[in-house]
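Going left to right, the sequence shown walks through residues 5 to 141 as the working numbering numbers them.
Virtual Cβ for every residue (Gly too), placed ideally from N, Cα, C.
If you're wondering where the values come from, they're calculated on a predicted model, not measured in any experiment.
For reference, the structure discussed in these notes is given below.
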Amino acid sequence: MKNIVILGASGSIGVQTLDVIAQHSDSLVCVGISVGQNIDWLKEHLNNHTYKLVVVKNEKDKDELSQIFIHQVFDYGDHGLIKLATLDDVDTVVNALVGFAGLVPTLRAIEKGKDIALANKETLVVAGKQVMDAVKR
């Protein structure tokens, strides 16, 4: 079983990734997701799914969601993205974030030996050499 986290789960690529994981539930499991602005999508999604960790953009959303979904663990912000990308039992990190918000979590995941599925060109545009050097280590 491969454990996967998705950075940017509510976007087009994130939703498609969740669909692929659901179609291959015998070998893939999503253990964590992050969502930026699409809190309504997340609320609907969490009615049917539970994760080891869910990361949102800001503390206000984290606090609100924690009151609604009391059995779900939440975190927020950049530190939350890094925590999600470096969870011990994660095999693959899907970076589907917009912009370069996924750069540091991707680098930390590489340092922890995670496989990276990069659906975010900005990470390579901004720090391609740094990312490739980290992969070589």
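For residue 42, the closest of 57, 15, 33, 66 by C-alpha to C-alpha distance is 15. Between residue 17 and residue 100, the gap from beta carbon to beta carbon is short of 7 Å. Rounded to the nearest angstrom, the gap between the Cα atoms of residue 89 and residue 70 is 20 Å.
Each residue's CA atom was taken as its position, placing residue 117 and residue 92 some 10 Å apart. Taken atom to atom, the span from the alpha-carbon of residue 46 to that of residue 109 is near 21 Å. Rounded to the nearest whole angstrom, the CA to CA distance from residue 35 to residue 24 is 14 Å. Residue 98 and residue 120 have their C-alpha atoms some 6 Å from each other. With at least 16 other beta carbons inside 10 angstroms of its own, residue 38 counts as buried.
Taking a C-beta distance under 7 Å as the contact criterion, residue 84 and residue 102 do not qualify as a contact pair. If you draw a straight line from the Cα of residue 105 to the Cα of residue 82, it is about 8 Å long.
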